[in-house]
Amino acid sequence: MSKATSLQITEFSDIFLLFGSQVHTFRGPHWCEYCANFMWGLIAQGVRCSDCGLNVHKQCSKHVPNDCQPDLKRIKKVYCCDLTTLVKAHNTQRPMVVDICIREIEARGLKSEGLYRVSGFTEHIEDVKMAFDRGGIMFF
Numbered sequence: 002m003s004k005a006t007s008l009q010i011t012e013f014s015d016i017f018l019l020f021g022s023q024v025h026t027f028r029g030p031h032w033c034e035y036c037a038n039f040m041w042g043l044i045a046q047g048v049r050c051s052d053c054g055l056n057v058h059k060q061c062s063k064h065v066p067n068d069c070q071p072d073l074k075r076i077k078k079v080y081c082c083d084l085t086t087l088v089k090a091h092n093t094q095r096p097m098v099v100d101i102c103i104r105e106i107e108a109r110g111l112k113s114e115g116l117y118r119v120s121g122f123t124e125h126i127e128d129v130k131m132a133f134d135r136g137g138i139m140f141f
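In short: position in the sequence shown from 1, add 1, done, that's the working numbering.
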């Protein structure tokens, strides 16, 4: 591996850590949303935030604050999504899935012994997760 390639890989991993985004290849012309300059190149022209969709140059990503407001259009699932992203997107103190589950337990299961301690069946848990990801709330 050449020194230039090694430097480029290090630079990309620093960008990922600083900005929480990934290097992105844009189709068609794109402009940096930080400095408003054109993003040159055919591949890996810039960085796109996976939460809010902000598109910036790799070098501009070091100057962008890491406190973006996630765009609800980009959050497609409840599971397989970072909890901090969900909380920021819905502007709540905890993920809505936690509130819904607690509400159901308190409404139906307060008389069941060990309800908060005993795990459910894997098959049933997967069904509930898929229902949340599809946007529906599954009532048992």
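Each residue gets a CB set at the ideal place from its N, CA and C atoms; glycine is no exception.
Check the Cα spacing between W41 and each of S51, V57 and C53: the tightest is with V57. The DSSP assignment places complete alpha helix (DSSP H) segments of no fewer than 4 residues inside the stretch 113–140 at 123–135, in order along the chain. Straight-line spacing of the CA atoms in R135 and V129 works out to 10 Å.
Judged by DSSP in its simplified three-state form, H25 adopts strand. Looking only at K59, R109, E127 and K63, the smallest Cα-Cα distance to I44 is reached by K59. The shortest CA-to-CA distance from Q46 to any of C36, W32, G110 and E107 is the one to W32.
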